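Residue numbers (the numbering used here): 1 to 194.
The beta-carbon is built from N, C-alpha and C at its ideal position, and this holds for glycine as well.
Owing to the predicted nature of the structure, the values given are computational and were not obtained by experimental measurement.
Reading through the structure tokens given below for one structure.
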């Protein structure tokens with residue numbers, strides 16, 4: 001017997017897959033909708049909202065689907081188009097024997113290990129609270145290759161250039177204490193003129 005949460009997640013994935021293809025507009029033209037996905041952690045939900053709203057500010061229709069049990073598989077299968085992640089965790093998953101530790105080494109390791117059809121945004125180096133003895137864990141956006149134009153990619157990379165550890169910790173605290181993730185994301189984007 002499937003739980004309500006599993007059925008809800010399955011329904012969300014199905015809706016996301018449909019939304020990724022097209023959405024009806026007032027002019028009856030079909031426009032693609034970029035689905036930004038994530039797992040159920042506060043950080044993932046918040047970052048999904050930030051990336052989604054950043055893309056919307058570039059004129060892209062987007063939707064957020066979180067609570068996904070296998071978001072990397074959903075990205076790989078094309079059910080979602082963007083996924084917030086930590087680059088060091090991606091190296092741990094795709095190339096655990098890699099000696100990469102510093103932010104630059106981890107960026108290179110992620111880029112060399114990316115599955116075909118997946119690309120990665122710039123790393124938000126200001127979001128890694130760990131000491132340099134451990135592998136860097138900077139926030140990145142994974143995305144389906146070839147779906148974004150230059151302006152859209154610029155918006156994803158602007159997030160990387162602005163987001164700091166202190167801001168991310170504060171945003172997570174806001175959401176954990178009752179703020180809606182979409183509202184916290186909007187306020188952060190507004191404060192950074194993104």
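For residue 71, the enclosing alpha helix (DSSP H) stretches over residues 71 to 76. A residue is called buried when at least 16 other Cβ atoms come within 10 angstroms of its Cβ; residue 176 does not meet this threshold and is exposed.
When secondary structure is reduced to three states using DSSP, residue 61 falls in the strand class. In the assembly as shown, residue 144 is a buried residue. Its beta-carbon has 16 or more other beta-carbons within 10 Å. For residue 117, the closest of 91, 106, 81 and 51 by C-alpha to C-alpha distance is 81. Just so you know, the alpha carbons of residue 151 and residue 54 end up roughly 11 Å apart.
If you draw a 10 Å sphere on the C-beta of residue 69, you find fewer than 16 other C-beta atoms in it, and that means exposed.
In the structure shown, residue 118 adopts extended strand secondary structure according to DSSP, grouped into three states. Note on geometry: alpha-carbon atoms of residue 45 and residue 167 lie some 15 Å from one another. Distance check between residue 106 and each of 134, 194, 173 and 155 places 134 closest, using alpha-carbon atoms only.
Annotated three-state conformation of residue 84 is strand, per DSSP. DSSP places residue 141 in the strand class (E or B) of the three-state scheme. Under the criterion of beta carbons closer than 8 Å, residue 49 and residue 181 qualify as touching, at roughly 5 Å.
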